[in-house]
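Participant: Protein sequence lines correspond, in order, to chains A and B.
Okay, so the first sequence: first residue is 3 according to our numbering, each after it adds one.
Okay, so the second sequence: first residue is 3 according to our numbering, each after it adds one.
There are 2 protein chains.
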Amino acid sequence: MVANENSASLNSDKEIFSAKKEEDISNWYSEIIKTAELVDLRYNVKGFVVYQPWAVRTLELMYGFFEKNLQEREHEPYFFPALIPEKNFNLESSHIEGFAPEVFWVTEHGAGEKFDEKLALRPTSETAFYQMFSLWIRSYQDLPFRTYQRAQVWRYETSATRPLLRSREFFWLESHCAFPDKESAFQNVLGDMKTTESVMHQIFGVPFIYFQRPQWDKFPGADNTFGADALTPSGRVVQQPSTHMLGTNFSKPFNVSFVDKEGNSQFAYLTCYGPAISRILASVILTHGDDKGLRFPFEIVPKQIVIVPIAFEKNSLVLEKAKELKSILSSTGFRVELDSSSKRPGEKFYFWEMKGVPIRIELGPKELDSNKLVLFRRDTSEKVSINESELIDKINFLGKAISKNLKDSADEWFSNSIIDVSSYDEIADVVGKGIARCNFCSLELDGESCAEKIEKELFATVRGKRIDKQEKPNGVCVVCEKPAKEVVYIAKQY
Amino acid sequence: MVANENSASLNSDKEIFSAKKEEDISNWYSEIIKTAELVDLRYNVKGFVVYQPWAVRTLELMYGFFEKNLQEREHEPYFFPALIPEKNFNLESSHIEGFAPEVFWVTEHGAGEKFDEKLALRPTSETAFYQMFSLWIRSYQDLPFRTYQRAQVWRYETSATRPLLRSREFFWLESHCAFPDKESAFQNVLGDMKTTESVMHQIFGVPFIYFQRPQWDKFPGADNTFGADALTPSGRVVQQPSTHMLGTNFSKPFNVSFVDKEGNSQFAYLTCYGPAISRILASVILTHGDDKGLRFPFEIVPKQIVIVPIAFEKNSLVLEKAKELKSILSSTGFRVELDSSSKRPGEKFYFWEMKGVPIRIELGPKELDSNKLVLFRRDTSEKVSINESELIDKINFLGKAISKNLKDSADEWFSNSIIDVSSYDEIADVVGKGIARCNFCSLELDGESCAEKIEKELFATVRGKRIDKQEKPNGVCVVCEKPAKEVVYIAKQY
């Protein structure tokens, strides 16, 4: 990979970004997306962007962790068509109602020949998968039946789009599974939550809470929806992977049935789960980035180490040594860049820090003479001089330490952003900075009017109740002051 | 991965397929696609299929080899939008003429709201990439500029579709590159051919010849097209990766220009290359399969080894040993299946042979007592008894030997299928069985009438002249009997 010398004219004498992350997150985000060459917004279809190599390579690594986890949970990979006939959608009424406004429709081909029936560019694939489930699943012996696909989806978003966070085309995985009963389906929903925890939190370092959504805020066609809310530095939540108990809502219209042990025909219980990889990348950038640019956990960065040779133009042994180190580190399995371009070392330092490369190795004539190397940590800006013989051990140690430090910092910030409130007025003080936690009347439909008041007056939404622990309310609803049945979390949504 | 016990009720008492490969390749292919659960044709949009796990896993491995090779050739990965505005297509007139009949058009969204301009579901992405090239490329220092994306494309094929071979949706890689001059662009085209040789032939074992296509059979918008023709057992050729010299045909309308060392503005020379992974899988199946089912090279098969424990229900040590072997082989890096289902061993043998697993390990009480193992080779049906201590070495040896044997057999069959002919009548005897090689007047436009005669009377096409070696004609054109300028190859096309 060759750094484009023209793309970012960084040098140590000026600020990299005009916007500070803490002061102006919106402009900071726009600048880092552009400066690090993650996505290019100049494509000429509104809401569509071009993913550039640094983003594509990161997304591929992120996909890898999710796919590995799903395969360990015995999910099998499929590729389904991108086009779904309109009639499939119409089979489940709340599903079509929910998605119809967002669908891109293919209506013709060639020189304007119309199709008999409109074809949806998939906004999600329940109605594609389940017609095939009805052919594949016959007997209780076929269950559980666990599938996923890696795919793009298209949704005609009418609110303002934002690169990676909300686009009209995004990259995701969607898992669709069938079970013989409600309990085993629910266990799978819990498994989806564990996948999110193991991958998005433990590996990518993005903290979140899984909320059971209020009944008025479910996935169209679901019995219950569980959404992972992460937080942006703007104090707004962003919905990350959601997992849904579809019950038999889809299996009835699509006839996903099986013969049980007693010989009776039954409808299967279906679940679905959809990690949007491109949006998760947005959370990675927003959570870990700083005023120097990107910071990445060691596991998902396209280049883990950059070697910067110093004064190698005057001393050819320096470049030779740098190449030798690159070869040793690459064959150990690390992703390594050697920057022997003609830029000044300071420029290189700033460039690769901006790109989020976790470790830099500096190597000049002085290091060569003493068999030493200087290692620089992107996350803390610490430098340490090591003996060359310790290199692999130190890299392994630092890689783990950097990922842990990013995750720990994010966890601390996230947990400090959750504030208990005991009155309606206090909600207004919290939302927009963090997440308000409070007593609330009900998450069934009788609580909807209180949620609507919050939405209308405070531009915030009731995210639901925690699913990882049971929280008991001890008082009255902060809105209507009726006895509270739930402890809920309220936040502005990105 | 759990074999679906209901999906294929194979047993040793009956033929697996009703059609023999040598006698009825068309039905053999249909049966193997279905029995091995590669793709399901029952999806309810014409020309679209569902890719099942065994095919998806194979495609992923195949993608991996192509991507690794392209990255070694300094191609950087991008993801471009699936939608391309109609106006982009209109900029290059022969390109829109060539592709317009095949385009799926997105014309509306939501409840029938029309777009101002139709959007093409990409049939290929020249007109998406090159508008961005014009923004990214400024100076000679930006060149060469090498990109690729992994993507699906959609083409409204009007001829009969055939799973994997010709579908309205297929999986491919498309590479787009820019160069400062014609010579370096042509070197890249040669590099694309080497990639095809290194991956499709050397690793996947699919032989082919690269032909420079006649001027009347170029990619729409190209100066020259080079197509890799593989052969199907039906004696027809199938076009595999083609690579194109686009010259400045696209860089002019899309303004892909750069400032050269002398400060002058010049148009870049563009090339593109498109390996259709799903169609290459069709060639892998057709080339290597036999009457027992699939045969795969060791490198691209989802499971390389299946362990079948014998009489393990009576002897728990057998199953323990089988698990231990699986663990050893997996941690060595092999893809291993342990089939401890309740099927009879004979059924398991037939099932995994049908799926194309290259090596089977049989392990029963007898082997346990003697520390021996029985290894079975799928390609030759040979069995060999080995000491357990030799296992890893033997697997490594057999893996290579199986891939080599499949490739060598394919090469021999392919080269025997090319027949020299010296008269027009002889062409008819060869095409439909193999590829006819003969003298031909011209591959410029003045040769088109001879090619049309062949197409009309013999239903065969002039594929072009070899690019890997120069062949000198020694006589007259087999059609018009004018002095021959070329040695060409003629075949029926799939």
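For each residue, glycine too, the CB sits at the ideal point set by N, CA and C.
Note that the structure is predicted; figures quoted are calculated from it, not measured.
Check whether chain B comes within 9 angstroms of A:Phe-82, counting only Cβ atoms and requiring the distance to be less than that.
Facilitator: Counted from its first residue, the first sequence places residue 82 of chain A at position 80. A:Phe-82 counts as touching chain B.
Participant: Taking its Cβ as the centre, do 16 or more other Cβ atoms sit within 10 Å of B:Arg-465, making it buried, or is it exposed?
Facilitator: Translated into positions along the second sequence, residue 465 of chain B becomes position 463. Buried.
Participant: With a cut-off of 9 angstroms, does the C-beta of B:Asn-8 fall near any C-beta of chain A?
Facilitator: Taking the second sequence and counting its residues from 1, one reaches residue 8 of chain B at position 6. Bear in mind that the predicted position of B:Asn-8 carries a pLDDT of just 38, short of 50, making it too unreliable to give a figure here.
Participant: Any idea what DSSP makes of B:Leu-460, helix, strand or coil?
Facilitator: Locating residue 460 of chain B in the second sequence gives position 458, counting from the first residue. Looking at B:Leu-460 - three-state DSSP - the assignment turns out to be helix.
Participant: Starting from B:Glu-78, follow its DSSP beta bridges and name the residues at the other end.
Facilitator: Position 76 of the second sequence, counted from the first residue, corresponds to residue 78 of chain B. The partner list for B:Glu-78 (beta bridge, DSSP) reads B:Thr-149.
Participant: Please name the residue or residues paired with B:Ile-309 in a DSSP beta bridge.
Facilitator: Here residue 309 of chain B refers to the residue found at position 307 of the second sequence. B:Ile-309 is bridged to B:Leu-340 and B:Ile-363.
Participant: Out of curiosity, what's the CA-to-CA distance linking B:Ser-95 and B:Gly-223?
Facilitator: Counted from its first residue, the second sequence places residue 95 of chain B at position 93. Counted from its first residue, the second sequence places residue 223 of chain B at position 221. Approximately 8 angstroms between the Cα atoms of the pair.
Participant: From B:Pro-103 to A:Arg-468, what distance separates their C-alpha atoms?
Facilitator: Looking up residue 103 of chain B in the second sequence gives position 101. Looking up residue 468 of chain A in the first sequence gives position 466. Each residue's alpha carbon lies about 53 angstroms from the other.
Participant: If we ignore side chains and look at the alpha-carbon of each, how far apart do A:Ile-492 and A:Ile-421 end up?
Facilitator: Working through the first sequence from its first residue, we reach residue 492 of chain A at position 490. Working through the first sequence from its first residue, we reach residue 421 of chain A at position 419. If I take the Cα positions, the gap works out to 10 angstroms.
Participant: Of all the CB atoms in chain A, is at least one closer than 9 angstroms to the CB of B:His-111?
Facilitator: On the second sequence, residue 111 of chain B is found 109 positions in, with the first residue counted as 1. Judged by the 9 angstroms Cβ criterion, B:His-111 is in contact with chain A.
Participant: Could you tell me if A:Leu-61 is buried or exposed, where buried requires 16 or more neighbouring beta carbons within 10 angstroms of its beta carbon?
Facilitator: Sequence index remark: in the first sequence, residue 61 of chain A carries index 59 (1-based). Buried, because 16 or more other Cβ atoms sit within 10 Å of the Cβ of A:Leu-61.
Participant: Would you say A:Gln-306 lies against chain B (beta-carbon separation less than 9 angstroms)?
Facilitator: The residue you call residue 306 of chain A lines up with position 304 of the first sequence. Chain B contact via Cβ: absent.
Participant: Output the boundary residues of the beta strand (DSSP E) element that contains B:Thr-245.
Facilitator: Looking up residue 245 of chain B in the second sequence gives position 243. That run of the beta strand (DSSP E) goes 239 to 249.
Participant: Leaving out five residues on either side along the sequence, give the residues of the same chain with a beta carbon under 6 angstroms from the beta carbon of B:Ser-444.
Facilitator: Looking up residue 444 of chain B in the second sequence gives position 442. Contacts found: Lys-487.
Participant: Please work out which residues of its chain come closer than 8 angstroms, Cβ to Cβ, to B:Ile-307, disregarding the five sequence neighbours upstream and downstream, and give them in chain order.
Facilitator: Along the second sequence, one-based indexing puts residue 307 of chain B at 305. Counting only Cβ-Cβ distances below 8 angstroms, and skipping sequence neighbours, we find Leu-331, Phe-336, Arg-337, Val-338, Glu-339, Val-359, Pro-360, Ile-361, Arg-362, Ile-363 and Ile-397.
Participant: For A:Leu-145 versus A:Pro-182, is the C-beta spacing smaller than 9 angstroms?
Facilitator: Working through the first sequence from its first residue, we reach residue 145 of chain A at position 143. Working through the first sequence from its first residue, we reach residue 182 of chain A at position 180. Against a cut-off of 9 angstroms, the Cβ pair of A:Pro-182 and A:Leu-145 comes out as a contact.
Participant: Following the continuous alpha helix (DSSP H) through B:Ser-394, name the residue where it begins and the one where it ends.
Facilitator: Along the second sequence, read from residue 1 onward, the residue named residue 394 of chain B stands at position 392. Just to set this straight, residue 394 of chain B is Ile in the shown sequence, not Ser. Looking at the DSSP string, the run of the alpha helix (DSSP H) that includes B:Ile-394 is 393 to 418.
Participant: Does the structure place the region 274 to 283 of chain A close enough to the region 153 to 169 of chain A that three or more beta carbon pairs sit under 8 angstroms?
Facilitator: Enough Cβ pairs lie closer than 8 angstroms, so yes.
Participant: Give a yes or no on whether 9 angstroms exceeds the smallest Cβ distance from A:Met-64 to chain B.
Facilitator: Sequence index remark: in the first sequence, residue 64 of chain A carries index 62 (1-based). Closer than 9 angstroms: no.
Participant: Check the DSSP bridge columns for A:Gln-214 and list the partner residues they point to.
Facilitator: Start at 1 with the first residue of the first sequence, and residue 214 of chain A comes out as number 212. BP columns for A:Gln-214 point to A:Phe-228 and A:Lys-467.
Participant: In chain order, what residues of the region 194 to 217 of chain A put their CB closer than 7 angstroms to some CB of chain B?
Facilitator: So nothing in the stretch comes that close.
Participant: Can you list, in chain order, the residues of its chain with a C-beta nearer than 8 angstroms to that of A:Asn-407? Leave out the 5 residues immediately preceding and following it.
Facilitator: Taking the first residue of the first sequence as position 1, residue 407 of chain A is located at position 405. Once the five neighbours on either side are set aside, the close Cβ partners of A:Asn-407 are Asp-381 and Thr-382.
Participant: Which residue wins for smallest C-alpha separation from B:Ser-267, given the options B:Ile-139, B:Ser-387 and B:Ala-284?
Facilitator: As a working mapping, residue 267 of chain B is identified with position 265 in the second sequence. Comparing Cα-Cα distances from B:Ser-267 to each of B:Ile-139, B:Ser-387 and B:Ala-284, the minimum goes to B:Ile-139.
Participant: With a CB to CB cut of under 8 angstroms and the five nearest residues on each side skipped, what residues in its chain are close to A:Lys-23?
Facilitator: Indexing the first sequence from 1 puts residue 23 of chain A at position 21. Hits under 8 angstroms: Trp-30, Pro-235, Gly-291, Asp-292 and Asp-293.
Participant: Mind reading off the beta-carbon distance from B:Ser-419 to B:Ile-437? Whole number of angstroms is fine, and I expect it under 8 angstroms.
Facilitator: Locating residue 419 of chain B in the second sequence gives position 417, where the first residue counts as 1. Locating residue 437 of chain B in the second sequence gives position 435, where the first residue counts as 1. Confirmed, about 6 angstroms.
Participant: Assuming B:Ala-57 contacts B:Leu-296 under a Cβ cut-off of 8 angstroms, what Cβ separation, rounded to an integer in Å, is found between them?
Facilitator: On the second sequence, residue 57 of chain B is found 55 positions in, with the first residue counted as 1. On the second sequence, residue 296 of chain B is found 294 positions in, with the first residue counted as 1. Incorrect: roughly 10 angstroms between the Cβ atoms, too far for contact.
Participant: Residues in its own chain within less than 6 angstroms of B:His-246 by CB, not counting five upstream and five downstream?
Facilitator: The count along the second sequence starts at 1 and reaches residue 246 of chain B at position 244. Only Phe-221, Ala-224, Thr-227 and Cys-274 meet the Cβ criterion.
Participant: For a contact defined as C-beta to C-beta under 7 angstroms, what are the partners of A:Gln-133 on chain B?
Facilitator: Numbered from 1 along the first sequence, position 131 holds the residue referred to as residue 133 of chain A. Near A:Gln-133 (Cβ distances below 7 angstroms), the residues of chain B are Asn-46.
Participant: Can you tell me whether B:Lys-323 is buried or exposed? The criterion is at least 16 other CB atoms within 10 Å of its CB, across all chains shown.
Facilitator: The residue given as residue 323 of chain B occupies position 321 in the second sequence. With 16 or more other Cβ atoms within 10 Å, it is buried.
Participant: Using a Cβ-Cβ cut-off of less than 9 angstroms, list which residues of the region 259 to 278 of chain B approach chain A; keep chain order.
Facilitator: Correct list: empty, as no residue qualifies.
Participant: Measure the alpha-carbon distance for B:Pro-125 versus B:Phe-91 and round it to whole angstroms.
Facilitator: If you number the second sequence from 1, residue 125 of chain B lands on position 123. If you number the second sequence from 1, residue 91 of chain B lands on position 89. Each residue's alpha carbon lies about 11 angstroms from the other.
Participant: So the candidates are B:Phe-300, B:Pro-367, B:Glu-390 and B:Glu-384; which of them puts its Cα closest to the Cα of B:Lys-374?
Facilitator: Numbered from 1 along the second sequence, position 372 holds the residue referred to as residue 374 of chain B. Comparing Cα positions, the closest option is B:Glu-390.
Participant: Could you tell me whether the region 147 to 157 of chain B touches the region 66 to 81 of chain B, using the rule of 3 or more Cβ pairs below 8 angstroms?
Facilitator: Short answer: they touch.
Participant: Within 8 angstroms: the Cβ of B:Ser-186 and any heavy atom of the ligand FAD?
Facilitator: This structure lacks the ligand FAD, and indeed carries no ligand of any kind.
Participant: Flag A:Val-105 as yes if its beta-carbon sits less than 9 angstroms from any beta-carbon of chain B, otherwise no.
Facilitator: Translated into the one-based positions of the first sequence, residue 105 of chain A becomes position 103. Chain B contact via Cβ: present.
Participant: In three-state DSSP terms, what is A:Thr-109?
Facilitator: For the purposes of this step, residue 109 of chain A is taken as residue 107 along the first sequence, with counting starting at 1. A:Thr-109: strand per DSSP, three-state reduction.
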